[in-house]
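Engineer: Residue numbers 931 to 1376, in the numbering used here, belong to the letters of the sequence shown in order.
From the three backbone atoms N, C-alpha and C, an ideal C-beta is built for every residue, glycine too.
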Amino acid sequence: MADPFHAYDIRGIYNETVTEDVAYKVGRSYCRLFQPSRVVVGRDMRASSDPLAEALISGLRLGGCAVSDMGLASTDMMYLAVISHGFDGGFMVTASHNPAAYNGIKIVGKGAVPMGLGTGLERIATAVEGMKPFPTVPFQAARSEFVFLDEYTDLLLTQVDTGALARIPLVIDAGNGMGGYAVDPLISRLDLKVERLYFEPDGSFPHHEANPLINENRRDLEARVAGGSAQLGVGLDGDADRAFFVDDEGHFASGDLLVGILAGLALAKEPGAPITYCVRSSRFTQQRILDLGGVPHMVKVGHAYAKKTMAEINAPFGGEVSGHYYYRFNGCWYDSGPLTILKMLEVLGKNECGLKTMLEPTRDYFLSGEINSTVEEPQAVMDRIDQAYASFPNRITIDGLRIESDDWWFSVRRSNTEPLFRLNCEGRTQSVMERIRDEVLSLIRS
């Protein structure tokens, strides 16, 4: 599928692959293919988001679809608006964690079900490619302002035990994305003690990119916590659908480990429920879910795949290494960085300890972290690895290839969003992890 249509969304460099003409055609194509009556549209803080949103809204209205315009919003705001107000679909103009030159569009259907390649986005891509240039014509359907921030705040607060939240000082780094806008009302309503870092929305990202998964983007956050000014640190990505945490000593906590920690809240309400985790997760996550009385369910990486599986098995909670944490709400599934902050405070409050203590059992698991390589022939690399470990029977192929032994496991997969080949591995000791890491890397890069 040609740029800018990717596995989960539309994304690319503004005025190269993502233009007002593309946005307009996306709106027109969506209406022609799916015949919605009313949708909601949000946008992030990038300078290019306003013209792209206006073009998208024009296409939707000309297609006969009434548009409720949220203006500035986080992606999880758009999700909750679709779920709680019964919109036929929702659009978020954002490039999430990507650099300032990028922009894009995330699309969901009724119930905030993601639209990606294989679930409708490929049909839009085909229609866009064959459509005539942006015409100047009168609009047909209505447009209205949709103010949602207060209701959004109320909806998040209904999903946590506010009386149990840990009353600890924390630092939140919004990275000049939409996280500050989304979180500020929660801070005020709950009277939380928060040091705000880079809360002002600014799509030029003057301090660092809004991608806390990259080490250098967490330096300010980690330094604040390590310096003793807070007992928990949180980083939010550009559109605030993901949250990342550092413990009370300023050390980064991997998202897969936190799935195991946060699962306890859901399982306390629904003993024996299924909990999803992604294929590159530590064995700690699976074991923790089992210890809490849940049923661990491994899924393919990506929010569209995770939510689809969660709906099929009615899972109340799930998450990924990437900082996506998924919640069931009113029979629908969505991910939210701000809600995850509240859930983490609830876990810490109910356990009466810091995140470092909660993560103590993970010290027996030695993870490589994700290692990315650019390769010219990814399928040939995958075949080479498959053949090298053909004698190992414990193989998982739901997303690339995961090979498991008693002492280690590794996962190799092609990125759904970037031209990269990804490796994750874990060993029962640091030396075992390093050995299997180096073995597989030599196969990838040879």
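1) Considering only their Cβ atoms, is the gap separating Phe1175 from Val1164 smaller than 7 Å?
2) For Tyr1255, which of helix, strand or coil comes out of DSSP?
3) Excluding the five sequence neighbours on either side, which residues of its own chain have a C-beta within less than 8 Å of the C-beta of Arg973, listed in chain order?
4) To the nearest whole angstrom, what separates the beta carbons of Asp1114 and Phe1135, a pair I think is in contact under 8 Å?
5) Report yes if the C-beta distance between Glu1364 and Ala1094 is below 7 Å; otherwise report no.
6) Whole-angstrom Cβ separation of Val1231 and Cys1208, contact assumed at under 8 Å?
7) I'd like to know whether the C-beta atoms of Asp1337 and Val1362 end up nearer to each other than 7 Å.
8) My output table needs one value for Ser988: the three-state DSSP class, helix, strand or coil.
9) Report the three-state DSSP secondary structure of Cys1208 (helix, strand or coil).
10) DSSP beta-bridge partners for Pro1226?
11) By the three-class DSSP mapping on this structure, what secondary structure does Leu1095 have?
12) Tell me whether Cys961 sits in a helix, a strand or coil according to DSSP, three-state version.
13) Write down the C-beta distance between Val1012 and Val970 rounded to the nearest angstrom, noting that I regard them as a contact closer than 8 Å.
14) Could you work out which residue in Arg1344, Gln1070, Phe1340, Ile1333 is closest to Val1311 when comparing CA atoms only?
15) Reducing DSSP to helix, strand and coil, say where Gly1267 ends up.
16) Measuring CB to CB, does Ser1321 end up less than 7 Å from Ile1374?
17) Comparing alpha-carbon positions, which option in Gly1249, Ala1160, Val1038, Gly1020 lies nearest Thr1206?
18) If you reduce the DSSP assignment to three classes, tell me which class Asn1145 lands in.
19) Of the choices His1027, Val1058, Gly1223, His1015, whose alpha-carbon is the least far from that of Gly1039?
20) Is Ala1234 closer than 7 Å to Gly1046 when the C-beta atoms are compared?
21) By how many angstroms is the C-alpha of Ile1328 removed from the C-alpha of Met931?
22) On the premise that Ser1298 lies in contact with Asn1354, defined as a C-beta separation below 8 Å, what is that separation, rounded to the nearest angstrom?
23) Consult DSSP for Leu1002 and reduce its assignment to one of helix, strand or coil.
24) Apart from the five residues on each side of it in sequence, which residues of its chain come closer than 7 Å, Cβ to Cβ, to Val1058?
25) When DSSP labels each residue in this structure, what does Phe1076 get in the three-state scheme?
Structural biologist: Let's see:
1) yes
2) strand
3) Ser979, Asp980, Leu982, Ala983, Met1000, Gly1001, Leu1002, Ala1003, Met1022, Val1023, Thr1024
4) That pair is no contact at about 19 Å.
5) no
6) Sure, about 5 Å apart at Cβ, within 8 Å.
7) Going by C-beta atoms, Asp1337 is nearer than 7 Å to Val1362.
8) helix
9) If DSSP states are grouped into helix, strand and coil, Cys1208 belongs with the strands.
10) In the DSSP assignment, Pro1226 is bridged to Ile1205.
11) It is coil, neither helix nor strand.
12) helix
13) 6 Å
14) Arg1344
15) Helix at Gly1267.
16) no
17) Gly1249
18) helix
19) Measuring from the Cα of Gly1039, the nearest candidate turns out to be His1015.
20) Yes. Within cutoff.
21) Per-residue confidence for Met931 stands at a pLDDT of 42, beneath the threshold of 50, marking its modelled position as unreliable; the derived number appears in the next sentence. For Met931 and Ile1328, the distance between alpha carbons rounds to 21 Å.
22) 6 Å
23) strand
24) Excluding positions up to five away in sequence, the list reads Val952, Lys955, Val956, Ser959.
25) coil
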